[in-house]
Structure formats: structure tokens, C-alpha cells
Amino acid sequence: MIIIVLSATLLATLAAGQSQDSCYADQTDPYILFGTATPYEAVSNTNASYVYIDKCEAKQFWIISRHGTRYADADEVDELKDLYDLQEKIIKNHEKDGSGSLCAKDLENLKLWTLQVVSNVKRDLTPQGYNDLYRLGKRFKSRFPALFKQTVTKDSFKVQFTTKQRTAASAIAFVDGLFGTGMGLEFPEALEDDMLIKPYASCKKWEKDVEKNKDTTKEMKKF
Ligand SMILES: *[C@@H]1O[C@H](CO)[C@@H](O)[C@H](O)[C@H]1NC(C)=O
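In our numbering, the protein residues as written are 1 to 223.
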């Protein structure tokens with residue numbers, strides 16, 4: 001009998017506690033992987049120890065990396081404006097229809113939300129994008145100190161990027177993180193048809209079967 005009473009109490013506590021526990025405003029560790037374009041810095045590996053493998057020595061370092069966070073273009077910003085409809089629907093659910101389970105603080109925050117986005121037709125690198133690659137460089141340096149303590153020359157390190165501002169600026173940020181700002185590594189000129197870092201742009205089959213094929217994004221659009 002006592003057990004039943006306790007269980008009922010426990011259930012009631014859990015049910016009452018649920019709305020409290022699900023306040024996004026109080027979460028110190030938000031679900032940052034929920035975005036499709038989370039900055040690398042927010043989800044980076046925080047382990048800064050040397051990578052040490054017994055009887056081994058790091059000799060070379062290769063990375064093919066994407067550029068850091070870029071600005072949205074005007075079309076993307078237009079799509080983001082649809083979020084105002086969603087905002088309105090969620091508020092209406094709570095206040096007019098009596099449904100929805102956001103806590104009061106979250107609902108208040110949602111009402112205050114406005115779209116804060118800067119559009120840039122060229123989709124250049126943002127300050128966050130610079131930090132993404134700068135800090136990535138710093139992390140690699142702390143993990144492979146022996147490789148990056150040497151003086152940087154164009155014979156010891158080669159950096160390559162495409163013709164876009166965001167990739168060139170990302171490469172500079174990465175090198176700044178590795179060797180210190182303005183260490184003056186000479187960069188080669190960006191190639192229009194770079195078969196190493198942008199092979200898809202020269203691939204007719206990819207263009208036809210993937211890029212111009214509506215089926216490519218079919219599953220994404222269902223979601
Ligand atoms: C951090 O990295 C070092 C070197 O690779 C490894 O030995 C250690 O287990 C890592 N620590 C954690 C917590 O993953």
C-alpha cells in the first residue's frame with residue numbers, strides 16, 4: 001500500500017517537474033548539434049593533450065577542411081523569415097489554444113525573438129568563421145607541437161584554397177592559428193579548376209546526376 005502511494009507521488013512529481021525541467025532558458029549545455037551549420041568552434045574537441053603514440057613520431061600533417069561560418073545570401077535570409085510564421089504559431093498554441101509545453105520564460109524569450117542575420121551577396125567569411133579556423137589551427141598546434149614549432153616557409157608548408165573569399169580567409173585564419181598572426185606564409189594563387197580541393201566543379205556527371213537532380217535533396221525536403 002505504501003509503495004503504491006509513493007509511486008503515485010513520484011509520478012505526480014515527475015509530471016509536474018517535466019515542464020520545469022524542459023526550460024530551454026535554463027539549459028547551460030544547449031543542444032548545439034541541432035543546427036545544420038553549427039560553427040566548428042562550438043562543437044570542437046576540447047582535448048588539448050599531445051597526441052602521443054608509443055614508438056611513433058608525427059612527421060606530416062595533411063588536412064582538407066571546409067571554410068568557416070559564412071554569411072547567408074539574400075535567398076537564404078528570405079527563407080529564414082518563414083521562422084516568423086512558426087514563432088506566431090507557437091505563441092498562438094500556448095496563449096489562444098491552450099496547448100504547447102514551453103515554460104513561461106521560454107515563451108517570453110520566444111516573443112522577444114527577432115531574426116538577426118546579415119546578408120552578404122558574396123557569402124564571405126564571418127568573424128565567427130575566422131575564429132572557427134583560427135582556433136582549429138591552435139588546437140592542432142597544441143596537439144602536434146613538434147610539427148608546428150619550426151619556422152614556417154613555403155617549402156615546409158603548403159596551403160591551397162579556392163577562388164572564393166571565404167576559403168582564402170579561412171586558410172589565412174588557420175595559418176594564423178598555427179603559426180601566429182601575420183607570420184607571412186606565401187600562398188599560391190587560387191586555381192579556377194582545382195582538381196584536388198574542388199574536383200566536383202569539373203565533373204559533368206556530378207553536375208547532371210547530383211547538382212541538377214531534384215532527387216538529391218528529396219529526403220531533406222521531406223524532413
Ligand atoms: C586526450 O588525448 C590524449 C592524446 O591523444 C589521449 O591519450 C587521451 O586519452 C585523451 N583524453 C580524453 C579525455 O579523451
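Beta carbons are placed, not taken as given, at the ideal position from N, Cα and C, and that holds for glycine.
Residue interval of the alpha helix (DSSP H) (run including residue i)
i, result
"M251", "As shown, the chain starts at 1 and ends at 223. That puts residue 251 outside it, with no answer to give."
"F157", "No alpha helix (DSSP H) holds F157; DSSP gives it neither H nor E."
"A168", "Q165 to F179"
CA nearest to the CA of residue i, picked from the options
i, options, result
"L178", "A190, K208 and N131", "N131"
"K141", "I32, D176 and K154", "D176"
"G182", "R123, E219, T153 and Q87", "T153"
"S22", "W62, L102, Q128 and F148", "L102"
"L107", "K158, Q87 and T46", "Q87"
"G35", "E192, A58, L80 and I53", "L80"
"A104", "L185, E219, T38 and Y24", "Y24"
Classification of residue i by the beta-carbon crowding that lies within 10 angstroms, buried from 16 upward
i, result
"S170", "buried"
"D82", "exposed"
"R139", "buried"
"Y84", "exposed"
"I172", "buried"
"G98", "exposed"
"F223", "exposed"
"I32", "exposed"
C-beta atoms of residue i and residue j nearer than 8 Å
i, j, result
"K212", "T162", "no"
"R166", "R70", "yes"
"L133", "F174", "yes"
"E51", "R123", "The displayed chain sequence assigns Val, not Glu, to residue 51. No, Cβ-Cβ distance for V51 and R123 is not below 8 Å."
"V118", "D73", "no"
"I90", "L115", "no"
"G68", "G137", "no"
"Q160", "L125", "no"
"A58", "L147", "yes"
Residue i beta carbon near ligand 2 (any heavy atom closer than 7 Å)
i, result
"I197", "By its list of ligands, the structure shown excludes ligand 2, since it contains just ligand 1."
How would the residue list near ligand 1 read, in chain order, if you kept each one whose beta-carbon is closer than 7 Å to any heavy atom?
Ordered by chain, the residues meeting the criterion of a beta-carbon within less than 7 Å of a non-hydrogen atom of ligand 1 are N47, S49, Y50, V51 and Y52.
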